[in-house]
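Okay, so the sequence shown: first residue is 65 according to my numbering, each after it adds one.
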Amino acid sequence: MLARTGVLGDLDRLTHQLTQADASVGTVIPADAWRDDTALYLQFDLPGMDRSSIELTTEQHTLTLTAERPSPIPADARPVLTERPTGRFTRRLVLSDALDTAAAEAAYDNGVLTLRIPLAAHAKPRKIAVSGGAPRQLTS
Numbered sequence: 065m066l067a068r069t070g071v072l073g074d075l076d077r078l079t080h081q082l083t084q085a086d087a088s089v090g091t092v093i094p095a096d097a098w099r100d101d102t103a104l105y106l107q108f109d110l111p112g113m114d115r116s117s118i119e120l121t122t123e124q125h126t127l128t129l130t131a132e133r134p135s136p137i138p139a140d141a142r143p144v145l146t147e148r149p150t151g152r153f154t155r156r157l158v159l160s161d162a163l164d165t166a167a168a169e170a171a172y173d174n175g176v177l178t179l180r181i182p183l184a185a186h187a188k189p190r191k192i193a194v195s196g197g198a199p200r201q202l203t204s
C-alpha cells in the first residue's frame, strides 16, 4: 500500500481532488517539429495510447490530433495513486499553405507518432537556369 502522511499527504489528496474531474484538462501533447528541403516532420509523444484511438485531420491549414488513453483502473476499484492523465487529448497546430497535407504520412511506434508532410510543389527550392544575354522583355 502507498501512504503519505502529513503535509505532503494532504497536498496529494487536495491535488487529486482538484484534478479528478477531468485529468486531461491542461495536459499538452508534447511535440517536436523540423523540416528539410522536402518536408515538415512532426513528432508527438503519446505513451500508452492505442493506435486505433489516434485521429489526425486537416482542415483549412489546421492540423488536429486527438487521442485517447483510458484509465487502467477498473471501475469497481478504489484508486490509491493516480498521476498519469487519462481521457481524450487534443492538439491543434496551424500549418503553412506551403505544405501538401493531402500527401501526409503518419506512423506510430513505441508511443511516438511521427508525421511527415511534404512541401507543396510551389514551395520547394528550385534552381533557375541562367542563360547568356539580357532577359527578354515583355511586349504589350
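Don't be surprised by glycine CBs; every beta carbon is placed ideally from N, CA and C.
Can you give me the C-alpha to C-alpha distance between residue i and residue j, rounded to a whole angstrom?
i, j, result
"D196", "P182", "According to the sequence as given, residue 196 is Gly; it is not Asp. About 34 Å."
"D161", "A187", "9 Å"
"L120", "R148", "23 Å"
"S88", "I137", "Residue confidence for S88 is low, a pLDDT of 48 falling below 50, so the modelled location carries little weight and cannot support an answer."
"T150", "T122", "24 Å"
Less than 8 Å between the C-beta atoms of residue i and residue j, yes or no?
i, j, result
"A184", "L163", "yes"
"T178", "A168", "no"
"P189", "D100", "no"
"I118", "A131", "yes"
Just tell me which of the options has its CA closest to the CA of residue i.
i, options, result
"M113", "E147, D101 and Y172", "Y172"
"A103", "Q201, A166 and K191", "A166"
"W98", "L202, R200 and R180", "R180"
In terms of residue numbering, what span does the beta strand (DSSP E) encompassing residue i cover?
i, result
"G196", "Neither: G196 is in no beta strand (DSSP E) and is coded neither H nor E."
"A131", "T126 to R133"
"R148", "Segment: none, R148 is in no beta strand (DSSP E) and carries neither H nor E."
"L177", "V176 to P182"
Exercise for review: Tell me, please, whether the stretch 87-107 touches the stretch 148-168 by the rule of three or more beta-carbon pairs shorter than 8 Å.
Suggested key: Yes, since at least three Cβ pairs between the stretch 87-107 and the stretch 148-168 fall closer than 8 Å, the two stretches touch.
Check your understanding: How do the stretch 115-126 and the stretch 99-107 stand: do at least 3 beta-carbon pairs fall below 8 Å, yes or no?
Key -> The stretch 115-126 vs the stretch 99-107: no contact.
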